[in-house]
Every structure is written in structure tokens, then in C-alpha cells.
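Okay, structure first, notes after.
Numbering (the working numbering), first residue to last: 124 to 659.
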């Protein structure tokens, strides 16, 4: 890694400035990053569809679970391009399996729900650290930028959901109004196709967001390394060296002569100072202490005992007694001072072990004898929020149809109900136009061979019952097929199947002049009684 070939300005940045830098890098190399993510994803998606042909929900969950592996090829490409060592997409994908092997198991199991994934992944992939060394490295990096990395993951997930919803609404807007009912009928009749369409949109949204997410996390990592390792200073020194090496030889000789002059002046001064200290018995440190203490006259220290006394007096001053108050959580003693309550020893041992394994090492000047348990509260809080968010997403995904039907029903209830029509496609459907004993009259028409009157009466009574007893809203402009679609949307399977069957026989008789027969009429009459007779 040659720092002087870095493609960005090496300076200290805030976490949000680093994320902006990552977005700029994603825009600069978007299509290579997109290809490095999308091509392996296409293979994994094909395998998921082959393994789970009837479960698009589990297939998209499998692809989402493998995102830590899919993020690695774009991250490797970005690390090479940042230091002016660009590689082709083919070269990047050629070493894909070697990239996937590094820390594969942890990232797919206990580290899968790590909200700092984009910030932590370079430690595993680029530095090759794992185990205790990896945890120690992460403890140093996590002292800054973890909050921004957390919100980067949360917002990235939200953007993916917004893209899916936006694409769905875009497709809906592109459908002409006259084809809306046909599309709705197709959607409800082919739910499996709809689920696979949602699966494709979800994978597409992941692929579109991935370059920005990976580049922003990598920029946070690079910004943190610039801060820790002072890359900006090192690069500046390298530029100065190159600048001086490029000057003529006379300038170098002048610089060397100046250094020798400074060294020749400094050596006698040190010698004279050493001689003075030997004669007076006073060291340079003693003189420095005397000069800094302006409130007291200069004192001559003649022995080691007097020097020790002066040092103790200086250490007893206010400069060395700064009191800093800190607050935090700590374990109570095993035996409570207020009573006989005793914590279980296994609990104390477990918390101490977790503190040793997971806690971030504090700087030397902040070390304390009391264990700091703020990390435990933060871990529990993040885990609870992540669990709630995951449960909410799963609930919305698996119950999306029920939620949609509830919203439609609530909207229909709030809307003013239009006046019930008296005529539908030439048939009287008012209650006043129907006889009291509908099944008996239908069977009478059937025995007489007048199947048109029998089906007409049964169909009219069905439409009237749907409007007056079940709350369906039919307009004068609706066709028979549109009425069937509205009943199907209502969710009552028995009612929708009977309406569709009766409508089919009525259309065959009214438009095709095909009589159904007495057995069919009797069967339809029995089903009508099961659904509507009790309501009358």
C-alpha cells in the first residue's frame, strides 16, 4: 500500500464527511461496484430459486442473509482503486472464493446482525485479522465512527424498502385506467407470480444500494485509519523528501552545512551545562523547576535529600491533584452491605468474563478499578432495537395482504356509500322485485324447462344479497366480470366461488344460449340457500 498514490485528500474528517466521501467514490466507480455485487448475486439468486421454487419469501431472506459475502468483491475493488491500482471486474471476480473464505462463518452466524458491518468488514477482508487480534483492532477503531456506521446500516435498509415501494407504485402508475381491473384480477388470481415479482424488486433494490453502502463504510474505515496512523503527516513528509531530493546539489550541500553548524553550536553548550552541574550539584531539571515556580525565589539544591524534598513539594501542588468525577454502572459487592442478599457466583463470573472479552480497552489515563458496564447496556439496547426492527419488517412482509385488505376495508367504510342501483346490466336487483320464496320459484321454473327464468331469478337475488346483506358496492357501469372481481377481493372464498360459478352459467345462457340443465340449477339453488337463505 503506497500512501502517496492515494486518490483522496488525506485529512481528518468527521464521520458524516467520511460518508459523503464514500458516496462520491460510489458515484465515481458505481458501475464496476454494481457489477461486482450483482453478478455473484445473480448466481446466488438462481440457486435460491432452484432450492426454494415455491417460497419466494424464504428465497429473498436467503439472499439477504448472504449480503456479507456479496459485499466483499466491491470492497476489494474499491480498496485497489483508491490507491491507484485499478483492477478489472474479471480480475476481481476471479478471486471471489478466496475473498469469501476469510471469516465466512462468523459473518454468516453471530456477526450477521452487526450494524457496523460496512465499517468492520475491511478489518477481516483487507487486514486479514480475526480472533483476539481482530477484536483488539476493532476495539481501537470503534472509539470513533460507530454511531455513523450504525445509522448508515439503518438508513440503507430504509432506502431499500423505499425503492421497492417506489417501483411498485411506478408500475401501478404505468397501467392505463381501463386495464386496472384486469391487472388486479391477474394479481389476485396469480399470487405466486406477484410474490416472485416482489422478490425480484427486493434483490434489485439491494443491488442498487450496495455500492453506496459499501463505499460509505469503507470511507469511514479509511478516515479512522488516517486519524490513528497520521497518514496525512506521513504523506506530507514524503512529499517534502521528494521536493528536497529534486533540488540541485548545491542546495543539499547548503542544508548539510547548516545542520553541521547547528550541531557544533549545540554540543559545547551541553558540555558547559554538564560542567556547571558537576560544580554546583544542581541538575538541569532543578533549574527548570526553579524557573517555572515564579512565586518562590530560586533555591540551590545541594544534595539528593534536598532535591527529593523539592520534588515532593512540587508533586503536592495543585497541578498534580486534579480531581475528575465520572459516573457509570458497576457491580455491587458479592455481599450486600444493606442485607444478607448475595448475588449468585455464576452471574458474577459471567459478567466479569463478558467484560474481559467484549469491553473496549480504555486509555491508560482513564483506567479504573471499577468495571464499566456501559458497553453491556449499549449492546442490549442495540440488540433490542434490531430485534424489533427485524420483527416489524417480517410482520409487514408476511401479513402484507391482510394489511392491504384491512386498509381497503377501512377506506371503504369511511367513504360515503353510494345509492344502491335498482338495475344492473338490464336486470332488476331491488328487494321489492324479488319474490318471498326464491328457491321454490327457481325449482318451479326448472321443472317447467324455463331455465332462463330460473337462472335470472337466482342471479338477481344473488346480486341483491351481495349489495344489501354483504355490503358490496356495485355501480350501473359495472360488468358481470367486474362484480365477480369485487366479490373475490372481499376475501370470502365460498361467496366468491359461488358468484363466479353462477355468473359463468348465466353468461353461457344469456349470451351463448347454452342451457345448464335441471341438475345444475338444483345444485346452484342448494348453494344459494347455504349462503343467502338464512340471511333472508
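Virtual Cβ for every residue (Gly too), placed ideally from N, Cα, C.
Hey, could you find the ends of the alpha helix (DSSP H) residue i is sitting in?
{"i": "residue 654", "result": "Counting along the chain, residue 654 falls outside any alpha helix (DSSP H), and DSSP gives it neither H nor E."}
{"i": "residue 591", "result": "574-591"}
{"i": "residue 211", "result": "Unbroken run through residue 211: none, as it is neither H nor E."}
{"i": "residue 448", "result": "Residue 448 -> no alpha helix (DSSP H), and no H or E assigned at all."}
{"i": "residue 626", "result": "616-633"}
{"i": "residue 199", "result": "195-205"}
{"i": "residue 638", "result": "Here residue 638 belongs to no alpha helix (DSSP H), and DSSP marks it neither H nor E."}
{"i": "residue 189", "result": "Segment: none, residue 189 is in no alpha helix (DSSP H) and carries neither H nor E."}
{"i": "residue 428", "result": "427-438"}
Quick one: what does DSSP say residue i is sitting in, helix, strand or coil?
{"i": "residue 351", "result": "helix"}
{"i": "residue 284", "result": "helix"}
{"i": "residue 517", "result": "helix"}
{"i": "residue 293", "result": "helix"}
{"i": "residue 135", "result": "coil"}
{"i": "residue 175", "result": "coil"}
{"i": "residue 492", "result": "Any answer about residue 492 is weak, because its pLDDT of 47 lies below 50 and its placement is not dependable; what the coordinates show is given next. If DSSP states are grouped into helix, strand and coil, residue 492 belongs with coil."}
{"i": "residue 550", "result": "strand"}
{"i": "residue 400", "result": "Model confidence at residue 400 stands at a pLDDT of 42, short of 50, so the residue's coordinates are unreliable; what they give is reported in the following sentence. Of the three classes helix, strand and coil, the one that applies to residue 400 here is helix, per DSSP."}
{"i": "residue 571", "result": "coil"}
{"i": "residue 130", "result": "coil"}
{"i": "residue 267", "result": "coil"}
{"i": "residue 181", "result": "helix"}
{"i": "residue 390", "result": "Here the model assigns residue 390 a pLDDT of 44, short of 50, so the residue's position is not dependable and the matter cannot be decided."}
{"i": "residue 421", "result": "Caution applies to residue 421, whose pLDDT of 47 falls short of 50 and renders its modelled position unreliable; the value that the coordinates give is listed next. Looking at residue 421 - three-state DSSP - the assignment turns out to be coil, as it is neither helix nor strand."}
{"i": "residue 646", "result": "helix"}
{"i": "residue 406", "result": "Note that residue 406 scores 44 on pLDDT, short of 50, meaning its location in the model is unreliable and no value can be drawn from it."}
{"i": "residue 467", "result": "coil"}
{"i": "residue 597", "result": "coil"}
{"i": "residue 557", "result": "coil"}
{"i": "residue 602", "result": "coil"}
{"i": "residue 336", "result": "helix"}
{"i": "residue 152", "result": "coil"}
{"i": "residue 522", "result": "coil"}
{"i": "residue 565", "result": "helix"}
{"i": "residue 299", "result": "coil"}
{"i": "residue 218", "result": "coil"}
{"i": "residue 141", "result": "helix"}
Starting from the Cα of residue i, find the closest Cα among the options and give me that residue.
{"i": "residue 145", "options": "585, 333 and 440", "result": "333"}
{"i": "residue 329", "options": "345, 251 and 165", "result": "165"}
{"i": "residue 159", "options": "134, 171 and 218", "result": "218"}
{"i": "residue 522", "options": "568, 643, 318 and 591", "result": "318"}
{"i": "residue 325", "options": "161, 431 and 626", "result": "161"}
{"i": "residue 649", "options": "185, 563, 176 and 194", "result": "563"}
{"i": "residue 581", "options": "275, 183, 530 and 654", "result": "654"}
{"i": "residue 577", "options": "640, 611 and 531", "result": "640"}
{"i": "residue 320", "options": "585, 183 and 558", "result": "183"}
{"i": "residue 153", "options": "240, 174 and 335", "result": "335"}
{"i": "residue 188", "options": "205, 156 and 227", "result": "227"}
{"i": "residue 660", "options": "356, 615, 255 and 642", "result": "As shown, the chain starts at 124 and ends at 659. That puts residue 660 outside it, with no answer to give."}
{"i": "residue 212", "options": "199, 206 and 429", "result": "199"}
{"i": "residue 142", "options": "601, 516, 344 and 296", "result": "344"}
{"i": "residue 191", "options": "174, 635, 208 and 224", "result": "224"}
{"i": "residue 286", "options": "622, 299 and 331", "result": "331"}
{"i": "residue 568", "options": "140, 291, 638 and 208", "result": "638"}
{"i": "residue 592", "options": "604, 579 and 610", "result": "610"}
{"i": "residue 560", "options": "652, 351 and 647", "result": "652"}
{"i": "residue 305", "options": "267, 168 and 606", "result": "606"}
{"i": "residue 203", "options": "556, 181, 148 and 270", "result": "148"}
{"i": "residue 515", "options": "281, 603 and 590", "result": "281"}
My assumption, with CB atoms under 8 Å, is that residue i sits in contact with residue j. Please give the rounded CB distance.
{"i": "residue 196", "j": "residue 163", "result": "6 Å"}
{"i": "residue 553", "j": "residue 587", "result": "7 Å"}
{"i": "residue 574", "j": "residue 644", "result": "6 Å"}
{"i": "residue 136", "j": "residue 346", "result": "5 Å"}
{"i": "residue 337", "j": "residue 156", "result": "7 Å"}
{"i": "residue 240", "j": "residue 276", "result": "7 Å"}
{"i": "residue 206", "j": "residue 340", "result": "Not quite, the Cβ-Cβ distance comes to about 17 Å (not below 8 Å), so this is no contact."}
{"i": "residue 222", "j": "residue 248", "result": "7 Å"}
{"i": "residue 186", "j": "residue 173", "result": "That pair is no contact at about 13 Å."}
{"i": "residue 194", "j": "residue 244", "result": "6 Å"}
Does any residue of chain D have a CB that is nearer than 7 Å to the CB of residue i?
{"i": "residue 223", "result": "Within the model displayed, chain D is absent; a lone protein chain is all it includes."}
Runs of 4 residues minimum, wholly inside the region 222-256: which ones carry the alpha helix (DSSP H) assignment?
Within the region 222-256, the complete alpha helix (DSSP H) runs of at least 4 residues are 227-231 and 240-248.
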